[in-house]
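Here the structure is laid out as structure tokens; the discussion comes afterwards.
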Amino acid sequence: MAPYTKFDHNSHFKLVLLRALHHVLNKFGVLRREVEHAAALHYAFTALLLQLIPQLLRAQHHRHVARTFTVSVTN
13 MAPYTKFDHN
23 SHFKLVLLRA
33 LHHVLNKFGV
43 LRREVEHAAA
53 LHYAFTALLL
63 QLIPQLLRAQ
73 HHRHVARTFT
83 VSVTN
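Add 12 to a position in the sequence shown, counting from 1, and you land on the number used in my numbering.
Okay, here's the thing in structure tokens:
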């Protein structure tokens, strides 16, 4: 089996992002044929971003806390 490469990681991230986008678009009914308004897409993308941003901020906060703890322990 080939080693896990950076390309594989990027592809996996894109797949996860597309799945999340598809889920949100389905949730807001954007993928139905009768929905043709750009506003529906705008709301769906906004909802997706509002779901992702807190997760990214939490991850960044956890990294900061871990780094601060590591520095305080080593001093």
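Glycine included, every Cβ here is placed at the ideal spot set by N, Cα and C.
Predicted model only: the values in this text are computed from it and were never measured.
* To do: Tell whether a beta-carbon distance below 9 Å holds between residue 28 and residue 63.
  => For the purposes of this step, residue 28 is identified with residue 16 of the sequence shown, where counting begins at 1. For the purposes of this step, residue 63 is identified with residue 51 of the sequence shown, where counting begins at 1. Going by C-beta atoms, residue 28 is not nearer than 9 Å to residue 63.
* To do: Kindly give me the distance between the Cβ atoms of residue 60 and residue 33, rounded to whole angstroms, as I take these residues to be in contact under 8 Å.
  => Mapped onto the sequence shown, residue 60 falls at position 48. Mapped onto the sequence shown, residue 33 falls at position 21. Indeed they touch by this definition, with Cβ atoms about 6 Å apart.
* **C-alpha distance - residue 39 paired with residue 71, whole-angstrom precision** => Position 27 of the sequence shown, counted from the first residue, corresponds to residue 39. Position 59 of the sequence shown, counted from the first residue, corresponds to residue 71. Each residue's alpha carbon lies about 25 Å from the other.
* Span separating the alpha-carbon of residue 26 from that of residue 52 -> Translated into the one-based positions of the sequence shown, residue 26 becomes position 14. Translated into the one-based positions of the sequence shown, residue 52 becomes position 40. Those two C-alpha atoms are separated by around 22 Å.
* Asked: In chain order, what residues of the same chain have a beta carbon less than 7 Å from the beta carbon of residue 56, not counting five sequence neighbours either side?
  -> By 1-based counting over the sequence shown, the position of residue 56 is 44. These residues qualify, in order along the chain: 36, 37, 40, 42.
* Asked: Shorter than 9 Å from the beta carbon of residue 29 to some beta carbon of chain B?
  -> The structure shown contains no chain B; it holds only a single protein chain.
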